[in-house]
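First residue of the sequence shown: 0, per numbering that gives the first Met the number 0; consecutive thereafter.
Glycine included, each C-beta is placed from N, C-alpha and C at the ideal position.
Report on the structure given below.
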Amino acid sequence: MGRNPLLPGELFPHPDHFRTMRGLEPPDNDVQDDPKVDLEEKDLWEQFHKFGTEMVITKSGRRMFPPFKVKVSGLDKKAKYILLMDIVAVDDCRYKFHNSKWMVAGKADPEMPKRMYIHPDSPSTGEQWMQKIVSFHKLKLTNNISDKHGFTILNSMHKYQPRFHLVRANDILKLPYSAFRTYVFKEMEFIAVTAYQNEKITQLKINHNPFAKGFRDTGGGKREKK
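As structure tokens, then:
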């Protein structure tokens, strides 16, 4: 487990939104932890992954479905932890959906600014994190390069991998100097789109997402022409 390099300020677009917790944290050499992270709704993610998961991005920001939720265990009950995630490009390719399948369409567009999304309950004690399902459902995806809301900025028709990071630290400001544990669930890989391309993905979203009523009523999610 290495140390994360210094993180630029833009990774934390709204540091004032995160509270600092100080106090009865055990010294590092007294901390006993062996973290384990399990993906919630793994079966649902695998259903999407089988067809090639797509996530819609919009200028105003769109939440992911399925939402990213994990169950964390093996933390030191008294130590403070910061939980965060980011989304990184899988490769340097641009894709297109052709003849009912995804294929490489060329070289990737220039990368968008990278941002970390810090769980708003950070930092909390290991005991607090382990008592609940940790949900990142408030994370929003956008294609607006000028976004000022702290949303994750992605390129349409590019492939991405969400990553989950667990950091033992009692202060957001210590993040750049802290050791990161990083967890990647391959079944969460997705292609960012401005409209769903694969009808099977559209149907899965309708079947499982309670907020997809608009698709049922209007037949939304028309294919994007590229």
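Three-state secondary structure (DSSP) of residue i
i    : result
P175 : helix
D170 : coil
Q46  : helix
D29  : helix
M226 : Residue 226 lies beyond the residue range present for the chain, which begins at 0 and ends at 225; the question has no answer from this structure.
M102 : strand
K185 : helix
F210 : coil
K58  : coil
Inter-residue Cα distance where the pair is residue i and residue j
i    : j    : result
K79  : K158 : 33 Å
Q31  : Q130 : 18 Å
M63  : K76  : 30 Å
N206 : I200 : 10 Å
K173 : R167 : 10 Å
N98  : T141 : 27 Å
A104 : A178 : 38 Å
T52  : P122 : 31 Å
R162 : D85  : 5 Å
Same chain, Cβ closer than 8 Å to residue i, neighbours up to 5 away in sequence not counted
i   : result
R21 : Any reading at R21 must be qualified, since the residue scores a pLDDT of 38, below 50, and its modelled position is unreliable; no value is offered.
Endpoints, beta strand (DSSP E) assigned at residue i
i    : result
E198 : E198 -> not in any beta strand (DSSP E); alpha helix (DSSP H) instead, spanning 198-207.
L74  : Taken as a continuous stretch (DSSP letters only), L74 belongs to no beta strand (DSSP E), as it is neither H nor E.
Contact set for residue i: own chain, Cβ-Cβ below 7 Å, skip 5 residues either direction
i    : result
D146 : I152
H148 : G60
Cβ neighbours of residue i in the same chain (closer than 6 Å, five flanking residues each side left out)
i    : result
N96  : The question names Asn, but residue 96 is Phe in the sequence shown. Q196.
Q202 : none
| said: Could you tell me which whole alpha helix (DSSP H) segments of length 4 or greater appear in the stretch 109-172? | reply: 125-129
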